[in-house]
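Enquirer: 125 is the number that UniProt numbering gives to position 125 of the sequence shown; each next residue is one higher, with no gaps.
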Amino acid sequence: MEVLIRQLQESEIPAADRVFRLAFGTFIGLPDPMEFGGDANFIQSRWHANPSAAFAAIADRIIGSNLVTRWGSCASFGPLSVHPDWWNQKIAQRLIEPVVECFNTWNIQQAGLFTFPNSSKHETALYLKLGLTLFYPCNTS
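1. Just the C-alpha distance for Ser-73 and Asp-39, rounded to the nearest angstrom, thanks.
2. In three-state DSSP terms, what is Val-82?
3. Got a sec, what are the start and stop residues for the beta strand (DSSP E) Thr-69 sits in?
4. Three or more C-beta pairs under 8 Å: does that hold for the segment 24-32 against the segment 58-65?
5. Around the C-beta of Thr-105, are 16 or more other C-beta atoms found within 10 angstroms, so that it is buried, or is it exposed?
6. Go ahead and pull the three-state DSSP assignment for Phe-36.
7. Can you pull the DSSP bridge partners for Ala-56?
8. What is the residue span of the alpha helix (DSSP H) that Phe-103 lies within?
9. Quick one: is Gly-78 buried, meaning 16 or more other Cβ sit within 10 Å of its Cβ, or exposed?
10. What distance in whole Å lies between the Cβ atoms of Pro-14 and Phe-55, which are believed to be in contact at a cut-off of 8 Å?
11. Got a sec? Which residues, its chain only, sit under 6 Å from Asn-50 by beta carbon, not counting five neighbours each side?
12. For my contact list, Ile-43 and Arg-6 are in at a C-beta cut-off of 8 Å; report their separation, rounded to the angstrom.
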């Protein structure tokens, strides 16, 4: 099936949020992956901050998304999520392409992302190859 990468539409935010929670919850092994993030509003808040920098992967439905946050000459992307049924099919790489275009258009001087350092799925080498700075979550326990 062909996968289209395009801007995420406001009407697609709930579907993108479901994919985000399922993907991250599955990755970290939650008994109910859909509980990931609780009531936090990751997708909608980032979409409203800059709708032109929110991207979706579409097959017959939303199968992934990636959102960009910009602060002057600095920017980061994420959450980048792909439905688990579509993992290992290079969808994430394709969702990074329009982000890099945003960074270039905006003349971003420092680009980064938050990622899980313990997963080859997140292709740390790819991120570094793109010149991104990696920010890892802190363990506060």
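Ideal placement from N, C-alpha and C gives every residue a C-beta, glycine not left out.
Computed from a prediction, not measured in an experiment: that's the story for all the values here.
Expert: Quick answer:
1. Rounded to the nearest whole angstrom, the CA to CA distance from Ser-73 to Asp-39 is 30 Å.
2. Note: Val-82 maps to strand in three-state DSSP.
3. Run containing Thr-69: 62-71, per the beta strand (DSSP E) assignment.
4. Short answer: they don't touch.
5. Exposed is the call here.
6. If DSSP states are grouped into helix, strand and coil, Phe-36 belongs with coil.
7. In the DSSP output, where bridge partners are listed per residue, Ala-56 has Arg-6 and Ser-65.
8. Note, Phe-103: alpha helix (DSSP H), 91-105.
9. Around the beta carbon of Gly-78, a 10 Å sphere encloses 16 or more other beta carbons of the protein chains shown; the residue is thus reported as buried.
10. Phe-55 to Pro-14, Cβ: 16 Å. No contact.
11. None.
12. That pair is no contact at about 16 Å.
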